[in-house]
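Number 528 marks the last residue of the sequence shown (the working numbering); no jumps. Where is the CB? At the ideal position from N, CA and C, for every residue including glycine.
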Amino acid sequence: METYEPAPGRMSVVGRLSGTGGGRSLMLNAHCDTVDVQGMAEPFSGAVRDGKVYGRGSYDMKGSLAACMAAAKALADAGVRLRGDVLVAAVADEEYGSLGTSDLINRVKVEGAIVTEPTALEICLAHKGYLWIEVETTGRAAHGSKFDLGIDSNMKMGHFLARLSLLERELRARKPHPLVGPPSLHAAMLSGGTGLSTYAACSKVQIERRTIPGETEAQAVAEIQAIVDKLAAEDRDFHASVRPFFVRDPFEVAPDAPIVQALDRAVYKVRGKPAAHIGDTPWMDAALLQAAGVETVVCGTAGVGAHADVEWVDLESVVKLAEILAETAVDYCG
Ligand SMILES: [Zn+2]
Numbered sequence: 195m196e197t198y199e200p201a202p203g204r205m206s207v208v209g210r211l212s213g214t215g216g217g218r219s220l221m222l223n224a225h226c227d228t229v230d231v232q233g234m235a236e237p238f239s240g241a242v243r244d245g246k247v248y249g250r251g252s253y254d255m256k257g258s259l260a261a262c263m264a265a266a267k268a269l270a271d272a273g274v275r276l277r278g279d280v281l282v283a284a285v286a287d288e289e290y291g292s293l294g295t296s297d298l299i300n301r302v303k304v305e306g307a308i309v310t311e312p313t314a315l316e317i318c319l320a321h322k323g324y325l326w327i328e329v330e331t332t333g334r335a336a337h338g339s340k341f342d343l344g345i346d347s348n349m350k351m352g353h354f355l356a357r358l359s360l361l362e363r364e365l366r367a368r369k370p371h372p373l374v375g376p377p378s379l380h381a382a383m384l385s386g387g388t389g390l391s392t393y394a395a396c397s398k399v400q401i402e403r404r405t406i407p408g409e410t411e412a413q414a415v416a417e418i419q420a421i422v423d424k425l426a427a428e429d430r431d432f433h434a435s436v437r438p439f440f441v442r443d444p445f446e447v448a449p450d451a452p453i454v455q456a457l458d459r460a461v462y463k464v465r466g467k468p469a470a471h472i473g474d475t476p477w478m479d480a481a482l483l484q485a486a487g488v489e490t491v492v493c494g495t496a497g498v499g500a501h502a503d504v505e506w507v508d509l510e511s512v513v514k515l516a517e518i519l520a521e522t523a524v525d526y527c528g
């Protein structure tokens, strides 16, 4: 067992079932942090009712982590000798900064990875990325009575937002990605001005832009810069800057990648029917692994209530996932 502490108190734990050599290595990845428990009546009861385990993190995603561990234990108990290594990575901090997986990709080398975020045992081949961008309009502060001196940055921001809403509509009308749909954006946070009797000198909007596989940060920023440039050309008092400040790339893996095909065969064997190939909209650690050159796919348990007041995982799906992961490891690392 190996432990890594990417930040004080934030621990990732990696278990390794060593292979005999010469095979592909596989990481079973699950984050061990959860979101907070505000609003939950029984966050830590772990109650089991009607085949469901209740509590914060049961579905997102300790159910899947239990399945990863059970898969590795089953292989060890059965004395199965694979050529490649099987790693169980319980990673820190996916919910906020993805410190755990970001750190691990520099320390642990594997050929393939299964991120076990919940998918109801279907196979997720793509998810969206996102980009945070701040746009700041600048005006000129002046006393509220001095219309001849003041330049109202909030009004300028209004002009920008009107154009941004046209881009927002246009994005949703673009050709959608077959698994994750079209890109989108929203004007998430807005601030401007310092007092009622003062012309606002500065106004800011923070925009979240959701990207689809194939889109780049540079393209998404250029679309917003183009709005600013056009407004500046039309109005000599329009001044604005565009600043991207956080990016998470979208994720996509080819359906014929060896890790996907091994997982396809395993699901068929365990469930007796082929898994659906799906996309999902939230961002996951899969994008970090894939970008680091690890062929990655997402498959996890069934349940409901990620980040919600009532959360449970379906126990049967935990058992099935363990079987699927063990079969995939035999196929992929054999
Ligand atoms: Zn999660």
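Member of the options whose CA lies at the smallest distance from the CA of residue i
i: residue 351; options: 332, 310 and 220; result: 332
i: residue 488; options: 247, 528 and 295; result: 295
i: residue 327; options: 528, 459 and 417; result: 417
i: residue 293; options: 237, 204 and 337; result: 204
i: residue 230; options: 338, 444, 301 and 499; result: 499
i: residue 456; options: 441, 393, 508 and 522; result: 522
i: residue 349; options: 291, 234 and 434; result: 434
i: residue 283; options: 275, 258 and 273; result: 258
i: residue 312; options: 241, 298, 378 and 480; result: 480
i: residue 256; options: 320, 524, 235 and 288; result: 288
i: residue 528; options: 274, 235 and 222; result: 274
i: residue 301; options: 409, 235, 199 and 368; result: 199
i: residue 210; options: 201, 220 and 216; result: 220
i: residue 246; options: 496, 520, 298 and 393; result: 496
i: residue 384; options: 392, 362, 330 and 391; result: 330
Counterpart residues of residue i in DSSP-defined beta bridges
i: residue 435; result: 330
i: residue 223; result: 283 and 309
i: residue 388; result: In the DSSP output, where bridge partners are listed per residue, residue 388 has none listed.
i: residue 325; result: 403 and 441
i: residue 396; result: 332
i: residue 317; result: 471
i: residue 489; result: 306
i: residue 243; result: 246
i: residue 207; result: 197 and 284
i: residue 383; result: 400
C-alpha gap between residue i and residue j, whole angstroms
i: residue 398; j: residue 431; result: 16 Å
i: residue 511; j: residue 422; result: 50 Å
i: residue 406; j: residue 357; result: 22 Å
i: residue 254; j: residue 508; result: 12 Å
i: residue 524; j: residue 325; result: 38 Å
i: residue 218; j: residue 277; result: 7 Å
i: residue 238; j: residue 297; result: 29 Å
i: residue 370; j: residue 452; result: 26 Å
i: residue 213; j: residue 235; result: 45 Å
i: residue 224; j: residue 261; result: 10 Å
i: residue 243; j: residue 505; result: 12 Å
i: residue 473; j: residue 378; result: 16 Å
Stretch-stretch touch, CB-based, cutoff 8 Å, three pairs: the segment 479-497 with the segment 301-311: yes
Every unbroken alpha helix (DSSP H) within the segment 432-482, with a cutoff of 4 residues, ordered by chain: Unbroken alpha helix (DSSP H) runs of no fewer than 4 residues, entirely contained in the segment 432-482, are found at 452-465, following chain order.
Cβ pair count under 8 Å reaching 3, the segment 465-474 against the segment 384-397: no
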